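Take a look at the structure set out below.
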Amino acid sequence: MRIKSANAELFPLSRRQLLTGAGAAALAGVGLPGRLLAQEPIKVAAVYTVPVEQQWVSRIHKAANAAKDRGGIEYVFSENTSNNDYERVMREYAEAGHKLILGEVFGLEDAARSVARDYPDVAFLMGSSFKEDPAIPNFAVFDNYIQDASYLTGIIAGAMTETKNIGMVGGYPIPEVNRLMNAFMAGVKETAPDATFQVAFIGSWFDPPKAKETAFAQIDAGADMMYAERFGVSDAAQERNVLAIGNVIETQADYPETVVVSALWHFEPTLDHALAELKAGTFKAADYGVYSFMKEGGCSVSPLGTFEGKVPEAAMKLVAEREAAIKAGSFTVEIDDAEPKAS
């Protein structure tokens with residue numbers, strides 16, 4: 007575990023730990039006491055179980071650095087923190103006077119919520135598959151609900167596949183992964199209603215060789231379009247000259263002839279809302295997942311880049327129409343956390 011100031015360069019590499027732990031209730035609590043002076047930078051600390059270069063965590067780190075650069079916060083972080091050390095590091099930051107602690111507690115829900123109970127004047131904003139607990143009013147949760155962007159990239163994928171056979175390789179079948187895969191599949195059906203899907207999970211958040219071998223098997227079974235939820239999938243697609251769709255971050259620069267488009271996550275709206283609430287003295291237990299929705303600016307579809315002009319015009323027209331409707335609130339992408347199945 008390393009404690010660092012926020013000046014790391016971002017290179018996407020790995021993924022966070024597998025979901026374990028206990029659930030919680032789903033109602034907001036009461037606000038934190040007090041109001042921070044507007045001119046005071048908020049002391050923010052983050053505790054990450056993986057390197058900040060990892061794709062999911064990199065989005066949180068990027069948003070925190072942006073807020074730091076604006077002058078609104080002071081920001082330090084610990085990366086590669088083991089689950090056994092996580093509670094200790096959280097407590098050290100709380101004792102050091104940090105007013106907002108960020109992180110991802112998918113593998114240690116109980117421990118993290120216990121720390122929050124012990125420091126009621128500190129705000130905690132934590133990645134979690136569970137909900138907020140009204141008994142812990144200073145503990146808010148979030149997750150990357152980017153199903154809107156995933157759905158739109160599916161429309162593009164359906165228009166670009168020739169075999170109508172889509173390969174999908176994920177880490178674990180947990181809600182965070184499942185909802186993005188299901189939304190992508192729904193998008194594919196818009197432009198390729200007869201498409202079939204191969205679905206596999208590799209049992210790891212970061213095992214590119216295993217993801218690559220799994221993708222090879224799906225390509226050998228007829229897939230000409232891959233959903234690259236894991237690193238390693240796009241490498242297989244590139245080697246076998248098939249196409250891929252990216253997830254969370256933009257990877258087309260590394261695979262210019264392979265990655266058609268990506269569903270991007272933007273953590274800035276989530277963090278900015280938390281900072282505003284903290285400054286106003288109104289931070290409370292809440293589900294911040296809604297700030298990952300497209301209408302909140304929490305996700306987007308990447309530019310087509312090298313694939314500009316290569317996607318059928320009708321598909322791009324549908325993407326534009328649905329994106330406008332999503333932002334206007336007249337079209338809702340279903341949030342389906344059930345494990346996706348091959349079909």
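In the numbering used here, the protein residues as written are 7 to 349. Each residue gets a CB set at the ideal place from its N, CA and C atoms; glycine is no exception. All of these numbers come straight from a predicted model, not from anything done at the bench.
Our contact map puts residue i next to residue j with C-beta atoms below 8 Å; I'd like the distance itself, whole angstroms only.
| i | j | result |
| --- | --- | --- |
| residue 176 | residue 236 | 6 Å |
| residue 254 | residue 271 | 5 Å |
| residue 141 | residue 294 | About 18 Å separates the two Cβ atoms, so there is no contact after all. |
| residue 159 | residue 268 | 7 Å |
| residue 157 | residue 339 | 4 Å |
| residue 341 | residue 185 | 5 Å |
| residue 143 | residue 291 | 5 Å |
| residue 284 | residue 105 | 6 Å |
Taking 9 Å as the threshold (C-beta atoms), are residue j and residue i in contact?
| i | j | result |
| --- | --- | --- |
| residue 227 | residue 239 | no |
| residue 50 | residue 70 | yes |
| residue 234 | residue 221 | yes |
| residue 55 | residue 101 | no |
| residue 173 | residue 203 | yes |
| residue 298 | residue 275 | yes |
| residue 191 | residue 346 | yes |
| residue 188 | residue 344 | yes |
| residue 79 | residue 47 | yes |
| residue 130 | residue 180 | no |
| residue 208 | residue 216 | yes |
| residue 119 | residue 91 | no |
| residue 273 | residue 68 | yes |
| residue 258 | residue 169 | no |
For residue i, which option in the options has the closest C-alpha, if you only look at C-alpha atoms?
| i | options | result |
| --- | --- | --- |
| residue 323 | 161, 290, 247, 212 | 161 |
| residue 314 | 334, 339, 262 | 262 |
| residue 107 | 348, 331, 289, 316 | 289 |
| residue 219 | 126, 68, 199, 241 | 241 |
| residue 89 | 104, 114, 77, 65 | 114 |
| residue 281 | 59, 58, 74, 62 | 74 |
| residue 178 | 206, 157, 171 | 206 |
| residue 117 | 298, 243, 96 | 96 |
| residue 296 | 215, 265, 279 | 279 |
| residue 355 | 92, 311, 245, 300 | Past the edges of the chain, shown from 7 to 349, lies residue 355, and the structure says nothing about it. |
| residue 148 | 259, 266, 72, 66 | 66 |
| residue 60 | 99, 256, 311, 330 | 256 |
| residue 195 | 319, 265, 171, 286 | 171 |
| residue 210 | 183, 335, 229 | 183 |
Any Cβ of chain D within less than 9 Å of the Cβ of residue i?
| i | result |
| --- | --- |
| residue 238 | Among the chains in the structure shown there is no chain D, since it carries only a single protein chain. |
* **Every unbroken alpha helix (DSSP H) within the segment 102-171, with a cutoff of 4 residues, ordered by chain** => 115-124, 153-166
* Which ranges does the alpha helix (DSSP H) cover as unbroken runs of at least 4 residues, wholly within the segment 208-232, from first to last along the chain? -> 214-226
* Asked: Is it a yes or a no for the segment 115-134 touching the segment 69-88, going by three-plus beta-carbon pairs under 8 Å?
  -> no
* Asked: Any contact of the segment 151-171 with the segment 301-316, i.e. 3+ C-beta pairs under 8 Å?
  -> yes
* Asked: Should the segment 159-173 be called in touch with the segment 135-150, which here means at least 3 C-beta pairs below 8 Å?
  -> no
* At 4 residues or longer, and completely inside the segment 235-319: list those alpha helix (DSSP H) runs for me, N to C. => 239-246, 274-286
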